[in-house]
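A.B. asks: Residue numbers (this note's numbering): 7 to 124. Glycine residues also receive a C-beta, built at the ideal position from the N, C-alpha and C atoms. Since this is a predicted model, take the numbers as computed values, not measurements.
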Amino acid sequence: MCLFCKIINREIPSNIIAENDEFLAFHDINPKAPIHILAIPKLHVDSFNDTSPQMMAKMTSFIHDVTKEVNIETSGYRVITNIGDNGGQEVKHLHFHILGGAKLKWGHLSDVDPKGLI
Ligand code: AMP
């Protein structure tokens, strides 16, 4: 069973923000911003590659609810999902990082210089 399935099953503790029948949101253990929450489906899905439009519609609504719960819906935030090796995905259970609570930085995301490649 994967790490996030164990969190869903309460075999591993987590700091839960929101939950419904299909989704769970909890604080990231290694926050990259003042607010760093992970939103996951309770159904094990490896990554964004394996989502359906129906799941994403419900996930979108759940993420909206989470941002309201922690009061970042008007101040702004970022939603990220990492996919596969090049995407930097460490946990192979679909999750959306919800980052906020401060002005977020935006910079080069790889060691490859993108200039001249386009
Ligand atoms: P990713 O690199 O996109 O797969 O992100 C995985 C995220 O899971 C990282 O931000 C980790 O800090 C976070 N993480 C790993 N273990 C736990 C845990 N037990 N509770 C909460 N977050 C975790």
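1) Relative to the C-alpha of S20, which residue among G113, S53, D117 and A45 is closest?
2) Could you compute how far the alpha carbon of H103 sits from the alpha carbon of S81?
3) Between which residues of its own chain and Y83 is the CB-CB distance below 7 Å, once the five residues before and five after are set aside?
4) Would you mind sorting L115 into buried or exposed? The rule is 16 or more other CB atoms within 10 Å of its CB.
5) Taking only the alpha-carbon atoms, compute the straight-line gap between L9 and D119 and give it to the nearest angstrom.
6) How big is the Cα-Cα spacing for P37 and G122?
7) Below 8 Å on the Cβ atoms is my guess for E75 versus A24; work out the distance and round it to an integer in Å.
8) Quick one: does H114 have its CB under 7 Å from some CB of chain B?
9) Go through its chain and collect everything with a Cβ distance to V51's Cβ below 8 Å, but skip five positions before and after it.
10) Straight-line CA distance for F68 to I78?
C.D. replies: Put simply:
1) What you label residue 20 is simply residue 14 of the sequence shown in a count that begins at 1. Among G113, S53, D117 and A45, the Cα nearest to that of S20 is on A45.
2) In the sequence shown, the residue the question calls residue 103 occupies position 97. In the sequence shown, the residue the question calls residue 81 occupies position 75. CA-to-CA, the gap between H103 and S81 works out to about 17 Å.
3) Within the sequence shown, the letter at position 77 stands for residue 83. Here the set comprises T73, I104, L105 and G106.
4) Translated into the one-based positions of the sequence shown, residue 115 becomes position 109. Exposed: under 16 other Cβ atoms inside 10 Å.
5) Translated into positions along the sequence shown, residue 9 becomes position 3. Translated into positions along the sequence shown, residue 119 becomes position 113. Those two C-alpha atoms are separated by around 34 Å.
6) Position 31 of the sequence shown, counting from 1, holds the residue named residue 37. Position 116 of the sequence shown, counting from 1, holds the residue named residue 122. So the two alpha carbons sit approximately 34 Å from each other.
7) Sequence index remark: in the sequence shown, residue 75 carries index 69 (1-based). Sequence index remark: in the sequence shown, residue 24 carries index 18 (1-based). About 5 Å; that satisfies the 8 Å criterion.
8) In the structure shown, chain B cannot be found, because there is only a single protein chain.
9) Taking the first residue of the sequence shown as 1, we reach residue 51 at position 45. Around V51: T57, M61, H99 and L100.
10) Residue mapping note: residue 68 aligns to position 62 of the sequence shown, counting from 1. Residue mapping note: residue 78 aligns to position 72 of the sequence shown, counting from 1. Answer to the nearest angstrom: the Cα atoms are 14 Å apart.
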